[in-house]
Amino acid sequence: MTMEERRRRIALRKKDAGNLLALVCIQASNAGLPLLVYPYVLHVVGAKHYAEIALAEATMSTIAGTIVLYGFDVEGVTRVAGLDVENDRTFISRVFSEIFVSRAVLFFCLILPLLTATVLLSSQPPTILLGWMLIPLSFVFQPTWLFQGLETNVPLAICTVASRLPAVPLIIALVRSPSDYQRMPLIIGGLYLTGGIASFCYCLWVLGLRMSWVPARRVTELLASGKEIFFGNASVVLYRDMNVILIKLVGGTGIEIASYSIAEKVVKSIQAVMRPLNQLYFPRAIKATRNMSSPNRQALKIIFRLTWPQLLSLAAIAIFLGFSFIVFWERIPAFRNVPNIWSIGVLVSLMIVSVFFGITNFMLGTAGLNHLNERFYYFKSIFAAGVFSVLLCLLLVSLYGQVGAAITFVAAEGFLTVLVVRKYIHFKGVRGLVEGAQKTPSSF
1 MTMEERRRRI ALRKKDAGNL LALVCIQASN AGLPLLVYPY VLHVVGAKHY
51 AEIALAEATM STIAGTIVLY GFDVEGVTRV AGLDVENDRT FISRVFSEIF
101 VSRAVLFFCL ILPLLTATVL LSSQPPTILL GWMLIPLSFV FQPTWLFQGL
151 ETNVPLAICT VASRLPAVPL IIALVRSPSD YQRMPLIIGG LYLTGGIASF
201 CYCLWVLGLR MSWVPARRVT ELLASGKEIF FGNASVVLYR DMNVILIKLV
251 GGTGIEIASY SIAEKVVKSI QAVMRPLNQL YFPRAIKATR NMSSPNRQAL
301 KIIFRLTWPQ LLSLAAIAIF LGFSFIVFWE RIPAFRNVPN IWSIGVLVSL
351 MIVSVFFGIT NFMLGTAGLN HLNERFYYFK SIFAAGVFSV LLCLLLVSLY
401 GQVGAAITFV AAEGFLTVLV VRKYIHFKGV RGLVEGAQKT PSSF
């Protein structure tokens with residue numbers, strides 16, 4: 001190895017370390033916010049008001065957010081991966097403008113009517129719905145895909161962390177009694193929107209990107225080209241975010257909704273902790289399989305080498321968190337004062353299995369099948385998992401309450417994993433899969 005090659009490798013490792021640290025900070029702020037805020041709010045406002053907050057969030061923030069994100073977080077990364085701002089500024093600016101305008105069109109043409117209909121037909125206070133609506137509006141402005149694709153995540157981390165930090169003190173200061181419960185969505189939604197606008201301004205003022213006119217025909221083309229990813233993402237909502245609503249539909253109590261919602265927040269926080277590794281390996285999976293046109297055994301081996309370290313990291317995190325909870329839960333007021341804490345703990349210990357399946361599905365499905373010209377198959381698989389989840393959840397919740405919802409949460413992810421792996425190997429053995437995964441190159 002020459003001195004120049006050694007310098008390049010050192011520089012690459014420094015860049016990777018900086019990007020990974022930035023992604024960790026982003027997801028730590030996203031993961032820490034629910035862990036710190038939601039148990040406190042449940043304790044202060046009670047299960048009834050908390051259930052209203054959780055149902056409104058599932059209806060507006062999650063569903064509306066899926067519509068606004070569309071498939072651009074995947075499509076955008078694919079289009080700019082490997083590019084350089086200095087040399088490709090014109091092309092990147094065009095992609096930046098196209099995605100921003102497309103998301104804005106989705107928000108104002110689809111989300112606002114949805115909000116109006118929900119306000120008219122729902123008994124929930126409009127303030128809660130409006131507060132949660134600010135989160136999908138922040139997605140219009142925040143080009144997460146751009147920072148990930150260019151592998152320069154530090155500016156995004158600064159904007160995200162700075163906008164999340166005030167959430168805890170603001171909620172503690174302003175949510176002091178059950179009557180204050182409507183303030184929580186406004187605080188969180190407003191801070192999300194602030195971070196999104198800040199990252200948008202960074203792209204314009206620092207990166208030097210320029211907004212350009214995007215014809216209606218081009219918006220239509222983008223929406224048509226990304227429809228498989230969007231419908232796949234929408235189907236994900238069926239098995240990841242609908243269970244709270246389904247518990248309510250089958251007559252679940254406020255305590256059941258609150259317990260499951262908190263457990264789901266904890267599991268999604270663990271998913272958020274793992275997301276930096278997902279995002280770090282995502283462009284690498286695309287680059288490593290760039291010369292392949294369809295999923296096959298070789299592609300499976302390559303992508304699984306990038307998946308294996310993530311699964312080991314998750315196992316270590318799960319063991320650490322479980323041990324810490326058992327030892328310290330009585331010493332932490334935020335945990336000790338949460339109603340039904342041990343029931344929530346049981347749900348979390350069961351639902352965390354889904355994260356192992358989720359990482360595999362992201363790498364082999366979102367990064368793999370989407371890139372390897374199998375978007376439609378991946379969409380069909382996710383949709384099948386979503387339908388499977390809804391039907392199973394209705395059955396199990398009616399029998400076992402929130403425990404049935406937790407079982408469904410895991411079963412749906414596992415079902416999707418089976419469908420995804422099937423496309424690569426058709427259930428045939430892949431020689432050396434695990435052995436190859438353990439020989440991950442040091443540059444990974």
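Under the working numbering, think of the first position of the sequence shown as 1, with each following residue one higher.
Note that the Cβ used here is the ideal one computed from N, Cα and C, for glycine as well.
To the nearest angstrom, how far is it from the Cα of residue i to the Cα of residue j?
i, j, result
"leucine 156", "arginine 103", "19 Å"
"tryptophan 213", "glutamate 221", "15 Å"
"leucine 350", "leucine 392", "16 Å"
"threonine 253", "glutamine 310", "37 Å"
"valine 68", "valine 74", "13 Å"
"phenylalanine 409", "leucine 129", "25 Å"
"glycine 401", "methionine 60", "24 Å"
"alanine 51", "leucine 42", "9 Å"
"serine 398", "lysine 248", "11 Å"
"tyrosine 70", "serine 225", "11 Å"
"glutamate 151", "leucine 207", "13 Å"
"cysteine 203", "asparagine 153", "12 Å"
"arginine 94", "leucine 209", "9 Å"
"tryptophan 101", "threonine 66", "Note that residue 101 is valine in the sequence shown, not tryptophan. Rounded to the nearest angstrom, the two C-alpha atoms are 16 Å apart."
"tryptophan 86", "phenylalanine 147", "Rather than tryptophan, the amino acid found at residue 86 in this sequence is glutamate. Distance between the alpha carbons of glutamate 86 and phenylalanine 147 is about 14 Å."
"threonine 289", "glycine 76", "17 Å"
"arginine 431", "arginine 305", "For arginine 431, the predicted model reports a pLDDT of 48, less than 50, meaning its position is unreliable; a value from the coordinates is still stated below. Each residue's Cα considered, the two are about 14 Å apart."
"lysine 265", "threonine 366", "22 Å"
"valine 267", "phenylalanine 323", "16 Å"
"phenylalanine 320", "glutamine 27", "18 Å"
Verify the contact flag: residue i, CB atom, against every heavy atom of the ligand NAD, threshold strictly below 7 Å.
i, result
"isoleucine 359", "The ligand NAD is absent from the structure shown, which contains no ligand whatsoever."
Check each candidate in the options and name the one with the smallest Cα separation from residue i.
i, options, result
"tyrosine 192", "Ile135, Asp84 and Leu150", "Ile135"
"alanine 299", "Tyr181, Arg422 and Phe141", "Arg422"
"tryptophan 308", "Tyr281, Tyr70 and Gly196", "Tyr281"
"glutamine 182", "Thr127, Pro166 and Val168", "Thr127"
"valine 168", "Phe320, Gly358 and Gly32", "Gly32"
"alanine 384", "Val420, Thr366, Lys265 and Ala367", "Val420"
"phenylalanine 231", "Tyr378, Asn296 and Leu120", "Tyr378"
"alanine 17", "Pro113, Leu223, Thr78 and Pro276", "Pro276"
"serine 123", "His49, Pro39 and Leu174", "His49"
"glycine 386", "Val237, Ser293 and Trp132", "Val237"
"alanine 54", "Ile255, Lys380 and Val348", "Ile255"
Give the secondary structure of residue i by DSSP, where H, G and I count as helix, E and B as strand, and everything else as coil.
i, result
"proline 215", "coil"
"alanine 81", "coil"
"aspartate 241", "coil"
"serine 179", "helix"
"histidine 371", "coil"
"phenylalanine 427", "Only weak support is given to the placement of phenylalanine 427: the predicted model assigns it a pLDDT of 43, under 50, and the question is left unresolved by the model."
"serine 123", "coil"
"methionine 363", "helix"
"proline 309", "helix"
"tyrosine 70", "coil"
"proline 143", "coil"
Give me the Cβ distance between residue i and residue j, rounded to the nearest whole Å; I'm assuming they're in contact under 8 Å.
i, j, result
"isoleucine 344", "isoleucine 262", "5 Å"
"isoleucine 111", "alanine 64", "5 Å"
"phenylalanine 200", "glutamine 142", "7 Å"
"isoleucine 229", "arginine 375", "6 Å"
"valine 286", "alanine 81", "One point to set straight first is that residue 286 is isoleucine, not valine, in the sequence displayed. That pair is a contact at about 6 Å."
"alanine 405", "tyrosine 260", "5 Å"
"threonine 417", "asparagine 370", "Actually they are not in contact, since the Cβ atoms of threonine 417 and asparagine 370 sit about 16 Å apart, beyond 8 Å."
"arginine 218", "valine 44", "At roughly 48 Å, the Cβ-Cβ gap does not stay under 8 Å, so arginine 218 and valine 44 are not in contact."
"alanine 58", "isoleucine 245", "5 Å"
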